Structures are given as C-alpha cells and as structure tokens.
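Undergrad: In terms of my numbering, the sequence shown is numbered consecutively and its last residue is 380.
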Amino acid sequence: MSEHMQLSDLSEYCTAVQDWLNTRYGVAEGARIWEQVGMQYNKYLEDLPDYGGKQAAHAFSIYGALLIFSMYPLLPDQPPIEELQDFVTHMFMSPFERLGKVFNLNRRADIWLINQVFQKTGKKDRKQYLTYPAGFCNVSEPYDKQHQATRYHFTQCPNAEFAKKHDLMHVLPLFCNSDYWGISQLHGTLIRCGTCGNADKCDYCVVGSENPMAKEYEIVKDEAGYLVSRKIQK
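#1: Residue ranges of each alpha helix (DSSP H) run of no fewer than 4 residues wholly in the stretch 159–208, ordered along the chain?
#2: Inspect the beta-carbon positions of C322 and Q302 and report whether they are closer than 8 Å.
#3: Grab the span of the beta strand (DSSP E) containing I337 for me, first residue to last.
#4: Mind checking which residues open and close the alpha helix (DSSP H) that includes S355?
#5: In whole angstroms, what separates the C-alpha of S375 from that of E229?
#6: With C-beta atoms as the reference, is V317 less than 8 Å away from I179?
#7: Should T235 be labelled buried (16 or more other beta-carbon atoms within 10 Å of its own) or exposed?
#8: For Q231, does the three-state DSSP call read helix, strand or coil?
#9: What residue does the alpha helix (DSSP H) around Q274 start on, and which one ends it?
#10: Could you check whether V173 and M217 sit closer than 8 Å to each other, using their CB atoms as the reference points?
#11: With C-beta atoms as the reference, is P319 less than 8 Å away from A370?
#12: How many angstroms separate the CA atom of T335 from the CA atom of A203?
#13: Just how far apart, CA to CA, sit G246 and E158?
#14: Out of curiosity, what's the CA-to-CA distance linking K270 and T277?
#15: When the Cα atoms are used, what is the spatial distance from M239 to V248?
#16: Which residues mark the beginning and the end of the beta strand (DSSP E) in which S286 is found?
#17: Name the DSSP bridge partner or partners of R376?
#18: Excluding the 5 residues flanking Q292 on each side, which residues of the same chain have their C-beta closer than 6 Å to its C-beta?
#19: Tell me where the alpha helix (DSSP H) around Y326 begins and ends.
#20: Where F332 and L251 are concerned, what is the direct C-alpha to C-alpha distance, given to the nearest angstrom?
#21: Less than 8 Å between the CB atoms is what I'm expecting for C348 and A295, so what's the real figure, rounded?
#22: Mind checking who A295 pairs with in its DSSP beta bridge?
#23: Do Y326 and L373 have their CB atoms nearer than 8 Å?
#24: Looking only at its chain, what residues have a beta carbon closer than 6 Å to the beta carbon of Y275, apart from the 5 residues adjacent to it on each side?
Printed below as a string of structure tokens:
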C-alpha cells in the first residue's frame, strides 16, 4: 500500500488552517483545536483507501480536503459552513489567481491549451484509476471547437466517497464550490449541472467569460449548498 500524505506533507495548507484557527479563536484555543485536528487526521488515515499517496492524481485536493474534514466537526461554535467558503476557496485555488495573470480563456489559443491540459490530466487519472480504483474516475470529452468549450467529468470523487462514509456531506460543498472561483480567475466560466455530491457525476464545461454560452447560465445554490449552473429561462 502507498504511504498516505502526512500533515508534514501539507505544510502550506496546515499553516493556512492554523492561521485561520488562531484568528477566529485566539492563539491558545487555536492551538488546542489544531492538536485535535492532527489527531483526527491521523485517525482517518488508518482506514483510508489507497489513492497512490503523494503520487496520486490530485493528491493535494484529496488530502487537503481530508484536513478540512478533520477540522470542521471540531470547531467549538460550529459556524455555518458558508463562513468557511472564502477561506477554503483561497486555500485550494490561490494558484489560479496567479495563473490568471498569464491565461485568459477568452483567447482561442488559451482555451485550446486548457483543453490539452485537461486531456493530459484525464489520461493520467484513468491510468492511475486502474491501479488505485478508489481515486478519481475521469472521463474526457472531445474539444468543442465550434463553441470553444472544453469538457470532462468525474464519475467518482474520493472526497465525495469519504464524505458519504463519514457523514460529512454538509462539508463537501466547500470543495466543489471552489471550482467556480478558480475558473473565474482564468477569465473563464464554469458551467456545471452537478457534482458527485448532488448528482451522478461532477461535470466540467469551461468557456471564456465572454463566450455566449456563459451568458446563457446563472449560478445558483441548491438546497444542499452546492453551486450549480442553471440555464436562464427567457
């Protein structure tokens, strides 16, 4: 079995969580909660499926989510999950903000390049899935040259499976919803009808923010707290 990522492998995420705890609860209380978070994280590792460890596709997405799953139930005031959204979004998606200074998905070359990245990632996901079937199950879709749209979807998400098993489905939207902000930083729009948490697949349709398709949808929050794209009724 591959070795799981330890907290020491998630130093940037750990620092972000500790800073958030200290800011919200004070240094002493923050330190106390952080110690409990570490113990809970390590306890979860004991029966976690083999994803391929550090070499897993989307390893930081999987183990970073595990860190938040470990933290939220330990918060003494149990804040509404929405209060953590900005913190979690920036914790996972801050690299997109930097990429947005270079990439603009309204440019034909850039949306085509992102499609190539998605295709390459999909091939890696599917190869790893054969060895680590608890990981992401990625299905690539052909590039839509006519609409300048790139698409793919997951039929299995480790974070969704973990949330279902541990009664943490209310925490899962934090990660799914972050994708919208991440894509927006690339001057793009994510059109998504559902995720593995509220549908049978997590679908990605990415277009430039000025693409006519982007204007056909609005982003709404469903009853379970997931952001979803709904076609505007004319």
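Ideal Cβ positions, reconstructed from N, Cα and C, are used throughout, including at glycine. Computed from a prediction, not measured in an experiment: that's the story for all the values here.
TA: Looking at the atomic coordinates:
#1: Those alpha helix (DSSP H) runs which fall completely within the stretch 159–208 and span 4+ residues are 173–191.
#2: Residue mapping note: residue 322 aligns to position 176 of the sequence shown, counting from 1. Residue mapping note: residue 302 aligns to position 156 of the sequence shown, counting from 1. It is not a contact, given that the beta carbons lie outside the stated cut-off.
#3: Here residue 337 is taken as the residue at index 191 of the sequence shown, counted from 1. Run containing I337: G334 to I337, per the beta strand (DSSP E) assignment.
#4: Counting from 1 along the sequence shown, the entry for residue 355 is found at position 209. Taken as a continuous stretch (DSSP letters only), S355 belongs to no alpha helix (DSSP H), as it is neither H nor E.
#5: Indexing the sequence shown from 1 puts residue 375 at position 229. Indexing the sequence shown from 1 puts residue 229 at position 83. If you take the alpha carbons of S375 and E229, they lie about 22 Å apart.
#6: Translated into the one-based positions of the sequence shown, residue 317 becomes position 171. Translated into the one-based positions of the sequence shown, residue 179 becomes position 33. In this structure, V317 lies away from I179, with their beta-carbon atoms at least 8 Å apart.
#7: Position 89 of the sequence shown, counted from the first residue, corresponds to residue 235. T235 is buried by the Cβ-count criterion.
#8: By one-based count along the sequence shown, residue 231 stands at place 85. Reduced to three states, the DSSP call for Q231 is helix.
#9: If you number the sequence shown from 1, residue 274 lands on position 128. Annotation for Q274: the continuous alpha helix (DSSP H) segment containing it runs R254 to T277.
#10: Your numbering for residue 217 matches position 71 in the sequence shown. Your numbering for residue 173 matches position 27 in the sequence shown. Taking 8 Å as the Cβ cut-off, M217 and V173 do not qualify as a contacting pair.
#11: Stepping through the sequence shown from its first residue, residue 319 is reached at position 173. Stepping through the sequence shown from its first residue, residue 370 is reached at position 224. Yes.
#12: Translated into positions along the sequence shown, residue 335 becomes position 189. Translated into positions along the sequence shown, residue 203 becomes position 57. For T335 and A203, the distance between alpha carbons rounds to 24 Å.
#13: For this step, residue 246 is matched to residue 100 along the sequence shown. For this step, residue 158 is matched to residue 12 along the sequence shown. Each residue's Cα considered, the two are about 21 Å apart.
#14: On the sequence shown, residue 270 is found 124 positions in, with the first residue counted as 1. On the sequence shown, residue 277 is found 131 positions in, with the first residue counted as 1. K270 and T277 have their C-alpha atoms roughly 11 Å apart.
#15: Against the sequence shown, residue 239 aligns to sequence position 93. Against the sequence shown, residue 248 aligns to sequence position 102. So the two alpha carbons sit approximately 16 Å from each other.
#16: Numbered from its first residue, the sequence shown carries residue 286 at position 140. Segment C283 to S286, the beta strand (DSSP E) holding S286.
#17: Position 230 of the sequence shown, counting from 1, holds the residue named residue 376. According to DSSP, R376 bridges with E364.
#18: Against the sequence shown, residue 292 aligns to sequence position 146. Cβ within range, chain order: n/a, list empty.
#19: By 1-based counting over the sequence shown, the position of residue 326 is 180. It spans P319 to S330 - the alpha helix (DSSP H) in which Y326 sits, taken as one unbroken run.
#20: Here residue 332 corresponds to residue number 186 of the sequence shown, with the count starting at 1. Here residue 251 corresponds to residue number 105 of the sequence shown, with the count starting at 1. Sequence inspection shows Leu at residue 332; the Phe mentioned does not correspond to that position. Approximately 6 Å, taken between the alpha carbons.
#21: Working through the sequence shown from its first residue, we reach residue 348 at position 202. Working through the sequence shown from its first residue, we reach residue 295 at position 149. The pair is not a contact, with the Cβ atoms about 17 Å apart (cut-off 8 Å).
#22: Translated into positions along the sequence shown, residue 295 becomes position 149. Answer by DSSP bridge pairing, in chain order: D290.
#23: Counting from 1 along the sequence shown, the entry for residue 326 is found at position 180. Counting from 1 along the sequence shown, the entry for residue 373 is found at position 227. Contact: yes.
#24: Reading the sequence shown from its first residue, position 129 is the one you call residue 275. Result list for Y275: G281 and C283, in chain order.
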